[in-house]
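Colleague: Numbering (my numbering), first residue to last: 858 to 928.
#1: If I'm right that residue 858 touches residue 887 with Cβ under 8 Å, what's the distance once you round it to whole angstroms?
#2: Within 10 angstroms of its Cβ, does residue 899 collect 16 or more other Cβ (buried), or is it exposed?
#3: Pop quiz: residue 904 and residue 862 are said to be a contact at Cβ under 8 Å. What is the actual Cβ separation, rounded to whole angstroms?
#4: Would the beta-carbon of residue 873 fall within 9 Å of that of residue 883?
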């Protein structure tokens, strides 16, 4: 969605600097929404990856503690 937002933004810039009389505000709003959605999806993916790494580390710590307690 980020790429679609950038493409919509480029379209708006081309229309704006091309001298069209009608302002293309809906295109600008669409571009903004798509760029924000793409950024949010990227951040959520990063958070999910960090949570997965944290879970693996916690499992290793628990395993080491169990081994230590059993000895």
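We put the beta carbon where it would ideally sit given N, CA and C, even for glycine.
Modeller: Reading it off the structure:
#1: Taking the chain shown and counting its residues from 1, the one referred to as residue 858 is at position 1. Taking the chain shown and counting its residues from 1, the one referred to as residue 887 is at position 30. The Cβ separation is near 11 Å, so there is no contact.
#2: The count along the chain shown starts at 1 and reaches residue 899 at position 42. Classification for residue 899: exposed.
#3: As a first step, residue 904 must be located in the chain shown, where it is residue number 47. As a first step, residue 862 must be located in the chain shown, where it is residue number 5. That belief does not hold up - the Cβ atoms of residue 904 and residue 862 are roughly 21 Å apart, past 8 Å.
#4: Translated into the one-based positions of the chain shown, residue 873 becomes position 16. Translated into the one-based positions of the chain shown, residue 883 becomes position 26. Not a contact, by the Cβ cut-off of 9 Å.
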